[in-house]
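Report on the structure given below.
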């Protein structure tokens with residue numbers, strides 16, 4: 540095949556395979572819901588960021604959390620992943636609100652506004668920022 544998706548030589552089975560591949564590509568990956576463990580980690584990382592909001596490391600932590608949150612947003616929504624440098628443009632097409640929230644984290648010059656923007660972005664995934672019980676059943680201790 541060429542890079543444009545055209546066959547070099549015709550083959551009787553190739554058209555059907557190409558149509559199937561194009562349909563699978565257009566459908567996107569199967570959405571993967573956020574697990575309770577994944578939710579807990581995001582909430583915990585938000586709390587870590589709150590704890591260092593007055594320190595220079597806040598920017599580093601906040602951007603790392605934003606990166607993980609956007610990765611999970613792609614998985615939860617069943618979107619094909621793209622390179623991080625393409626997130627703003629890709630999200631502007633897929634979900635302009637998320638693109639604005641990510642941009643607010645990226646361009647915030649003050650730690651408090653960066654933290655607020657980060658919490659808005661992460662809340663889109665978690666629903667809220669409260670810790671929850673993991674949902675596991677208690678085990679008897681012998």
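Numbering (the numbering used here), first residue to last: 540 to 681.
Heads up, the beta-carbon is just placed ideally off N, CA and C, and yes, glycines get one too.
CA-to-CA distance, residue j to residue i, given in whole angstroms
| i | j | result |
| --- | --- | --- |
| residue 599 | residue 546 | 46 angstroms |
| residue 566 | residue 552 | 22 angstroms |
| residue 561 | residue 619 | 14 angstroms |
| residue 624 | residue 581 | 22 angstroms |
Limits of the alpha helix (DSSP H) - the one that residue i falls within
| i | result |
| --- | --- |
| residue 658 | 650 to 665 |
| residue 634 | First-last for residue 634: undefined, no H or E at that position. |
Test: residue i CB closer than 7 angstroms to a CB of chain D
| i | result |
| --- | --- |
| residue 641 | Absent here is chain D; the protein component of the structure consists of one chain. |
Contact check, residue i vs residue j, beta carbons under 7 angstroms
| i | j | result |
| --- | --- | --- |
| residue 573 | residue 664 | yes |
| residue 660 | residue 678 | no |
| residue 605 | residue 657 | yes |
| residue 617 | residue 570 | yes |
Requested in this report: Count the C-beta pairs between the stretch 649 to 668 and the stretch 583 to 597 that are closer than 8 angstroms, then say yes if the count reaches three, no if not.
Outcome: yes
Query raised in the report: Touch check for the stretch 622 to 633 and the stretch 648 to 656: three-plus C-beta pairs under 8 angstroms?
Result: no
Requested in this report: Would you list, in sequence order, the uninterrupted alpha helix (DSSP H) runs of no fewer than 4 residues that lie entirely inside the stretch 565 to 623?
Outcome: 575 to 590 and 596 to 616
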